[in-house]
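Okay, structure first, notes after.
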Amino acid sequence: MPRGALKPLASLGLRGLQRSGSRVSSRINWTCASCRAHAVVASRYYSSFGSSSEVEKPYYVTTPIFYVNASPHIGHLYSMVLADVLKRWQLINGKNAILCTGTDEHGMKIQQAALKEGIPPKDFCDFNSAKFRDLGKAANVDHDFFIRTTDDEHKEAVKSFWLQLKHGLPEGLGLYKGTHKGWYSVSDECFYPEAMIQTSIVPQTGKKIQVSIETGSEVELVEEETWFFPLTKYKDRLLEFYEANPDWITPAHRMNEVRDWVAHHLEDLSITRPASRLSWGIPAPETDDQTIYVWVDALINYITVAGYGSKWHLSQENMSPWPADVQVIGKDILRFHGVYWPALLMALNLPLPKKILCHNHWTLADRKMSKSLGNVVNPFFAMQRWDVDPLRYFLMAQGSLSKDMSYSNRLINAKYVKDLQANIGNLFYRIARPKVTGSWSTAEAVAEFRIHFFDPVVSTKDNEDAPKEFFTLERPLQNTTPAFVTAMNNLDTSSALRNVYELQREANRFVSETRPWDLVKNTAYEARLALLWVIFSCAEALRISGILLQPIMPTKAKLLLDELGVRADRRTVDFAHPGKDADYGTEAQPGPADARIKKWETIFPPTPNGDLTDEELRKQLRALLQSTTKNKMNQMAELLAIEARLGEEAVAQLLAQGDAGLEKLREAQSPP
Numbered sequence: 001m002p003r004g005a006l007k008p009l010a011s012l013g014l015r016g017l018q019r020s021g022s023r024v025s026s027r028i029n030w031t032c033a034s035c036r037a038h039a040v041v042a043s044r045y046y047s048s049f050g051s052s053s054e055v056e057k058p059y060y061v062t063t064p065i066f067y068v069n070a071s072p073h074i075g076h077l078y079s080m081v082l083a084d085v086l087k088r089w090q091l092i093n094g095k096n097a098i099l100c101t102g103t104d105e106h107g108m109k110i111q112q113a114a115l116k117e118g119i120p121p122k123d124f125c126d127f128n129s130a131k132f133r134d135l136g137k138a139a140n141v142d143h144d145f146f147i148r149t150t151d152d153e154h155k156e157a158v159k160s161f162w163l164q165l166k167h168g169l170p171e172g173l174g175l176y177k178g179t180h181k182g183w184y185s186v187s188d189e190c191f192y193p194e195a196m197i198q199t200s201i202v203p204q205t206g207k208k209i210q211v212s213i214e215t216g217s218e219v220e221l222v223e224e225e226t227w228f229f230p231l232t233k234y235k236d237r238l239l240e241f242y243e244a245n246p247d248w249i250t251p252a253h254r255m256n257e258v259r260d261w262v263a264h265h266l267e268d269l270s271i272t273r274p275a276s277r278l279s280w281g282i283p284a285p286e287t288d289d290q291t292i293y294v295w296v297d298a299l300i301n302y303i304t305v306a307g308y309g310s311k312w313h314l315s316q317e318n319m320s321p322w323p324a325d326v327q328v329i330g331k332d333i334l335r336f337h338g339v340y341w342p343a344l345l346m347a348l349n350l351p352l353p354k355k356i357l358c359h360n361h362w363t364l365a366d367r368k369m370s371k372s373l374g375n376v377v378n379p380f381f382a383m384q385r386w387d388v389d390p391l392r393y394f395l396m397a398q399g400s401l402s403k404d405m406s407y408s409n410r411l412i413n414a415k416y417v418k419d420l421q422a423n424i425g426n427l428f429y430r431i432a433r434p435k436v437t438g439s440w441s442t443a444e445a446v447a448e449f450r451i452h453f454f455d456p457v458v459s460t461k462d463n464e465d466a467p468k469e470f471f472t473l474e475r476p477l478q479n480t481t482p483a484f485v486t487a488m489n490n491l492d493t494s495s496a497l498r499n500v501y502e503l504q505r506e507a508n509r510f511v512s513e514t515r516p517w518d519l520v521k522n523t524a525y526e527a528r529l530a531l532l533w534v535i536f537s538c539a540e541a542l543r544i545s546g547i548l549l550q551p552i553m554p555t556k557a558k559l560l561l562d563e564l565g566v567r568a569d570r571r572t573v574d575f576a577h578p579g580k581d582a583d584y585g586t587e588a589q590p591g592p593a594d595a596r597i598k599k600w601e602t603i604f605p606p607t608p609n610g611d612l613t614d615e616e617l618r619k620q621l622r623a624l625l626q627s628t629t630k631n632k633m634n635q636m637a638e639l640l641a642i643e644a645r646l647g648e649e650a651v652a653q654l655l656a657q658g659d660a661g662l663e664k665l666r667e668a669q670s671p672p
């Protein structure tokens, strides 16, 4: 028999259908012993604070704090969502987890930007910081802390840290005063060594400038009196730590970059700037003429949240939730987190973060995003256009640790249609809300599972070559969660989601091959069992996928699990295995045989045309809907409703007709 053809029911062996009970199984320090400063044992810089008798340290995830000199972009959204997914993943594994994000508000760039706007720096920061807080809220980022470096508590923590560096370390390992001459980039807020500078030409003017080889940012030669942190004295400790912990930074090639930098480019770190040059920052204690370097200020935020400076100062104290379990950063700030941050922590004998996850940047249709090119994606509009959860799904599925990531509306539309609408959405409506209304239900299928030991196989009586897994989802159902867990533990959301996609694809294939709409026509007892086995198998694929998708699409996954009748206390990873839950499902909803589900009411409804740019879509929205409402979200919803009524292609054709087409679309705003 050819693969893909359903054997007659008479030859379909159903094994193990004997009556039985339910087959659901039940599954469900760092301590510095000697506290000797500067011990050269790399592994001791990790921390798992507390003993078995103490409350377990929560899993601590951080995003970088975002610089408020400009509005949020898609890269900021990606960092936030990635950290949120990692936190939520721990929660559905039954662990306590916390997430910290926030804004970096000091430095020369802020001082200059505020001066350009003609407003005080604090007012400038208040306005732009609120945008990042709004971004997190709009993206359903479940952060526990939103820190601002202008917070009084943080300022005190930074001063305390600085004083410990100045007075609490042996001679030669603490701060010293000197004159610094070097190449400084205001854009990057850092100095670069001579070997990292090259001459460049400004295309518009032909002017020769010096730029950083690493970032391309313009630098200026600066000579000033500052305080230094003796970073070179920590070179051996850093290299030894990297050697002992080769996976400390993910991916591996980023770890190699950091190791190479420390080995060949390390210089002592200027830890202050003259107040005459930089007034917008935290003043260095015990001096009136120095401002603490913005990156030292910024890095300390991660321990400010953990109580440093207010609840603890030394590693012998309760530092929970420090150390961070994973710190999410972009590749442009790798050196600060992979070199400066661990050295500063080592100096004060504090534990290092357990893992640094360094992601790449987003390009628009494979072109670097920049304000000058006018191709920076507005994350708020992107969420309005595609809905929050589908955009989160795209970012996590498209995310890459090996190369820059491409963002385009066409890519999002293709991923939405293929992965969400056609795959998981299609399977749900084929199984849980079949067109053959009232002919079966997930509740009946799960109830039958509680009674019978489903174990159907293809009979080999007439076809000895037929593979036993031909008519079963057993293998993908068994393999999906372990593979998903492995990927998530490796911080690889793209690979994790690929496993869910493949399970759904196999389930849709399974439905097409077993054809439950034909099985339901046979009234024989054996046929009914076969039908319910098919429905139960697919319901399990949906249930398992819904559980695993919760960190990525919290709202859509909840809706899916609610629609399947999965209890709230059975949505952890422990239950994301076949047969682990035998008490879910919904009853059939009888109705007209020819009744069709309205696309607008589905879990993954129609979306705007993916071929339009955001600006083209905004223009059409303004022309079409501004007379009705000025609210952008309402405009988007109205456009989607029109597309649901007329069809996407019909709407696109009418828009292309100009004023005549717009008039017809206005008429379509109200359904007949």
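Quick note on UniProt numbering: the sequence shown kicks off at 1 and runs consecutively.
Ideal Cβ placement from N, Cα and C applies to all residues, glycine included.
For clarity, every value in this text was computed on a predicted model and none was experimentally measured.
| Query | Result |
| --- | --- |
| Quick one: measure Cβ to Cβ for A432 and E563, integer angstroms, because I've assumed they're closer than 8 Å. | 6 Å |
| Skipping 5 residues on each side, what residues in its chain have a beta carbon closer than 6 Å to that of A130? | none |
| Do the CB positions of Q250 and L395 come within less than 8 Å of each other? | The sequence given here places Thr at residue 250; Gln does not occur at that position. No, these two residues do not count as a Cβ contact at 8 Å. |
| Give the straight-line distance between the Cα atoms of P321 and P64, rounded to the nearest whole angstrom. | 17 Å |
| Candidates F449, R277, R570 and K556: which alpha carbon is nearest T291's? | R277 |
| Of the residues A195, P120 and E240, which one's Cα is nearest the Cα of E267? | A195 |
| Rounded to the nearest angstrom, what separates I201 and I209 at their Cα positions? | 6 Å |
| May I ask you to check if the CB of E214 is nearer than 7 Å to at least one heavy atom of the ligand COA? | Among the components modelled here there is no ligand, and therefore nothing to report on the ligand COA. |
| What residue range is occupied by the uninterrupted beta strand (DSSP E) comprising G102? | A97 to D104 |
| Look up R570 in the DSSP assignment and say whether it is helix, strand or coil. | helix |
| For Q504, count the other beta carbons within 10 Å of its own beta carbon; 16 or more makes it buried, fewer makes it exposed. Which is it? | buried |
| Let me know if R475 comes out buried or exposed under the rule of 16 or more other beta-carbons within 10 Å of its beta-carbon. | exposed |
| DSSP three-state label for I451, please. | helix |
| Cutting at 8 Å between CB atoms, please list the residues of its own chain near T486, excluding the five before and the five after it. | none |
| Evaluate Q589 with the Cβ neighbour count: other Cβ atoms within 10 Å of its Cβ, from every protein chain shown; 16 or more gives buried, anything less gives exposed. | exposed |
| Closer than 8 Å by C-beta to V388: which residues in its own chain qualify, once you throw out the five before and the five after it? Chain order, please. | A138, A139, N140 and T555 |
| Considering only C-alpha positions, which residue in the set T232, W162, Y242 and T103 is nearest to L352? | Y242 |
| Please name the residue in Q164, I300, Y302 and D419 whose C-alpha comes closest to that of A347. | Q164 |
| Can you look up H359 in the DSSP assignment and give me helix, strand or coil? | strand |
| If the criterion is Cβ atoms closer than 8 Å, does the pair A263 and L239 meet it? | yes |
| Note down the Cα distance separating N301 from T442, rounded to an integer number of angstroms. | 49 Å |
| Using a Cβ-Cβ cut-off of 7 Å (strictly less than) and excluding sequence neighbours within five positions of W261, which residues of its own chain qualify? | R335 and V339 |
| Where L401 and T493 are concerned, what is the direct C-alpha to C-alpha distance, given to the nearest angstrom? | 10 Å |
| Under 6 Å Cβ to Cβ from W341, same chain only, skipping five residues before and after it: list those, please. | L299 |
| Can a CB atom of chain C be found closer than 8 Å to the CB of E156? | Of the protein chains in the structure, only one exists, and it is not chain C. |
| In whole angstroms, what is the alpha-carbon distance linking S406 and S185? | 28 Å |
| From this set, G168, K207, M488 and V258, which residue's C-alpha is nearest L314's C-alpha? | G168 |
| Relative to the C-alpha of I424, which candidate in G178, T602 and H154 has its C-alpha closest? | T602 |
| Are there 16 or more other CB atoms within 10 angstroms of the CB of P606, so buried, or fewer, so exposed? | buried |
| Would the beta-carbon of T101 fall within 8 Å of that of Q327? | no |
| With a floor of 3 residues, list each beta strand (DSSP E) that falls wholly inside the region 172-211, ordered by position along the chain. | 176-185, 190-192 and 197-201 |
| Return the CA-CA distance between H73 and N413, expressed in angstroms with no decimal places. | 20 Å |
| Distance check for L491 and L345, CA to CA, integer angstroms please. | 24 Å |
| Using a Cβ-Cβ cut-off of 6 Å (strictly less than) and excluding sequence neighbours within five positions of residue 695, which residues of its own chain qualify? | Lying before the first or after the last residue shown, residue 695 is absent from the chain, which here runs from 1 to 672. |
| Can you give me the Cβ contacts of V520 inside the same chain, cut-off strictly under 7 Å, excluding the 5 residues immediately before and after it? | V436, S439, W440 and L531 |
| What three-state label does DSSP hand residue 680 in the structure shown? | Residue 680 lies beyond the stretch modelled for the chain, which goes from 1 to 672, so this question has no answer here. |
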